[in-house]
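Numbering (the working numbering), first residue to last: 299 to 551.
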């Protein structure tokens, strides 16, 4: 009675969303009740798939606390890597809380319906303006592993790696003023783009705590530390990466 319905039995952590989107002839809209113990891993797989416009949106249920982390503003305990990645990659909406009483078996936690509308690779490149997602991942990993420390202190080890083991150069790097914003970010600011308007890295960035920097400011921090490709829109678009946020053991390489 449903001739267009296709059922694929597979491990959700191993799904190749890019190949699936090609078979379906366009980007996917993902709808589901995510297993709570692997919610982040599934979401990160969708973020990677959006690099190649394989996923358009996700409307999913998840644990309430995880939903709060996705939509968290700066300067709060829920703000972290999930907040930064998905507020960079998508328009995020926490639609409503769901009581445990509507599930069977009944979970011990509240749930939430969350909507993610991915901005797509073209808009993502405008926000990144040459910054590589893999470099952003490194910066986020180091800063939020030690979130009680200042950004300068949490990034010392990474700065030494970037400077090839030269501690003096690393010290200079961590004392550097912000770089000028790229032309496309300045243009977006002049047009009133909400994301770009929060992208300017403050002069005292090194003394901030990680939760005090916006997603856009983390992009600019990554540019300062790791450099970036060309911001010239006439050049061919650089690959964003097939597997950046997803674990290497998950999905096709």
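We treat Cβ as the ideally placed atom computed from N, Cα and C, and that holds for glycine.
From a predicted model like this one, the values you see are computed outputs, not experimental measurements.
From 398, 394, 406 and 390, residue whose alpha carbon lies closest to that of residue 413: 390
Which of helix, strand or coil DSSP assigns to residue 392: strand
Beta-carbon separation (whole angstroms), residue 539 vs residue 343, contact threshold 8 angstroms: So it is not a contact: roughly 13 angstroms between Cβ atoms.
Burial state of residue 441, where buried means 16 or more other Cβ atoms lie within 10 Å: buried
Neighbourhood of residue 378 by C-beta, 7 angstroms cutoff - its chain only, sequence neighbours within 5 removed: 367 and 442
DSSP-derived helix/strand/coil call for residue 530: With a pLDDT of only 46 at residue 530, under 50, the local geometry of the prediction cannot be trusted, and no value is derived from it.
Where residue 373 sits in the DSSP three-state scheme: coil
Own chain residues within Cβ distance below 7 angstroms of residue 530, not counting five before or after: Because the pLDDT at residue 530 is just 46, under 50, the model does not fix this residue reliably, and the point stays unresolved.
Residues of its chain near residue 349, where Cβ-Cβ distance is below 8 angstroms and the 5 sequence neighbours each way are ignored: 419, 422, 431, 537, 538, 539, 540 and 542
As assigned by DSSP and simplified to three states, the class of residue 354: strand
Three-pair Cβ contact test at 8 angstroms for the region 444-458 versus the region 505-512: yes
The region 306-323 in contact with the region 346-361 per 3-pair CB rule at 8 angstroms: yes
Reference residue 405, options 359, 417, 370 and 469, closest by Cα: 359
Chain-order list of residues whose beta-carbon lies under 8 angstroms from that of residue 445 (same chain, five-residue window excluded): 378, 452, 507, 508 and 509
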